[in-house]
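Here the structure comes first, spelled out in structure tokens, and everything after it is commentary.
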Amino acid sequence: MLTNTILYNRSKRFINLSEIDNNADLHIWALHFDLQNLINKEDRNPDIHVFLTADFRNNFLSSLKKDEYIVNHPFDLSDDLKTKDWLLLEEKIKRFSILDVNDKINLFRVLRRLCFYQLILDLSNNTEINTENHFYHYEVFLAKYMLNIDGYFSFDINEMIVYALSIQSASVVKVKLWYLVCQFFVKFDFDLIQLQKYISFYYDSIQELKPLISENEYLEIISRFYRMKAFIPQLEGDLMVMSHYMDLCENFALEIQSKTSLENIYIKSILYPIYESRVKEYLIKEDYNNSLLYAQKLIDLQPYSGGGYMLLGQIYAEIKDYKLSKTAYLKSARLSPITAEIAYYMAGQCAQELNEYETAILFYKSSLDFDSTGYSNYENILEIAKEIRDESLIEKTQSILKNLDIEIETSDDQLPYQEVMFKE
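Counting the sequence shown from 1 gives a position; this note's numbering is that position plus 7.
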């Protein structure tokens, strides 16, 4: 079971980038690049499209049981925890109204990586902005979009559609907006007709932009397009066409040229969601050999991240190899707090399938260290307690579940299990 001390040390990555190395999570690299762009007042470091949900940040930080870490605003952090990076961030926030527009955009990017979406909206609402800079408005749209995902903001996707349609010339932002619109109809509205409609707007915006960008930039964008387009045949049940689009997606990405170590990290950030999607693609097709192949590619890309091992655990569970599944889930949990809550829960289920009841209880309790209201963990502990006829554990767990039932009935902000990593 992870102790609060270990959790506390891991959480330092949210506020201190001085120890960053090549094996750091892509989210941490993205935050580092955006912070450096803010410091240097230019976009010389690559934009990595990986970030966390605010719901994850809140759950993780609250699990530390250290009040100074549970902050809804950067200024609220305890002074003894503030690094030079954090103080710079505060200084930029204080001076927001007099920053030039590029500094404002770069500040929003850093705040977005740290999941301070509401602060982005507050700054944009409380400052008179006379700018036609599309990147500025894109960051505000993205903050609203992310808050909507986390259940904290009611966002009308038509607002984004209208703005995208208003951009007449070729624009990177127009491409990004159409991507988000398509993603909305895939992930949250499950509307195939709307997806088919707006995927054409997405494609046209890419072709408009192609003459104005580098070959690498085009390859990234068109690769992303085909990853999105693959959802259409998936929703239609045409798995052969789905795989054809995913082949195009991967092949375009593999053509991207890299000359520096920073560009290598950038390419990893492009390949990671592709390999992740390919694992899921082959799981849908029940092709477990290829699923395992792409899970290993994920692990090779980020050996110290939990995501690849999380999917590896899922594959082994699908083929009912619960011993290997348990091992993979434990590896995921111990590598990354991003995946730990669900990974420990899944490891508990594997142990339960193997009749390793005491071990399963230990893993469920480890999951509860990250979210003490994890209802499914308590349900499974109760099931085991009844199996082993532990009357004391039965009584204790039933009492907890009863209290959780009351809390759920009186709370409007309970969220179901969801993916903790979100890919822009």
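Quick reminder that beta carbons are idealized off the backbone N, C-alpha and C, glycines included.
None of the values given here were measured: they were computed from a predicted structure.
Can you give the beta carbon distance from I228 to V193, rounded, assuming they're within the 8 Å contact cut?
About 18 Å; that fails the 8 Å criterion.
Which ranges would you report for the alpha helix (DSSP H) in the stretch 162-213 if only whole runs of at least 4 residues count?
164-173, 179-194
Please specify which runs of the alpha helix (DSSP H), each continuous and at least 4 residues long, are wholly inside the stretch 292-363, giving them in chain order.
295-308, 314-325, 329-342, 344-360
Quick one: is P81 buried, meaning 16 or more other Cβ sit within 10 Å of its Cβ, or exposed?
buried
Tell me which same chain residues have a C-beta within less than 8 Å of the C-beta of N113, skipping the five on either side of it?
D41, N44, L45, K48, D50
Supposed close pair Y124, M153 - CB separation, criterion 8 Å:
5 Å
Which residue from L361, A347, N297, F148 puts its Cα closest to that of D328?
L361
So, with DSSP's three-state summary, where would you put V57?
strand
Could you check whether I274 and L265 sit closer than 8 Å to each other, using their CB atoms as the reference points?
According to the sequence as given, residue 265 is Ser; it is not Leu. A contact, by the Cβ cut-off of 8 Å.
Compute the Euclidean distance between the alpha carbons of E222 and F142, then round it to the nearest angstrom.
21 Å
Cβ-based neighbour list, L408, same chain, cut-off 8 Å, excluding 5 preceding and 5 following:
Y382, Y385, E386, L389
Kindly indicate which three-state DSSP category S379 falls into: helix, strand or coil?
coil
Rounded C-beta distance between Y282 and Y301? I'm assuming under 8 Å.
5 Å
Which residues mark the beginning and the end of the alpha helix (DSSP H) in which I156 is found?
141-156
Cα-Cα separation, C189 to D87
44 Å
Pick out whichever of K204, L118, N79, N109 has its Cα sitting closest to the Cα of H34.
L118
Check each candidate in A150, D245, Y210 and name the one with the smallest Cα separation from V179.
Y210
Can you give the Cα-Cα distance for S332 and E215, rounded to whole angstroms?
46 Å
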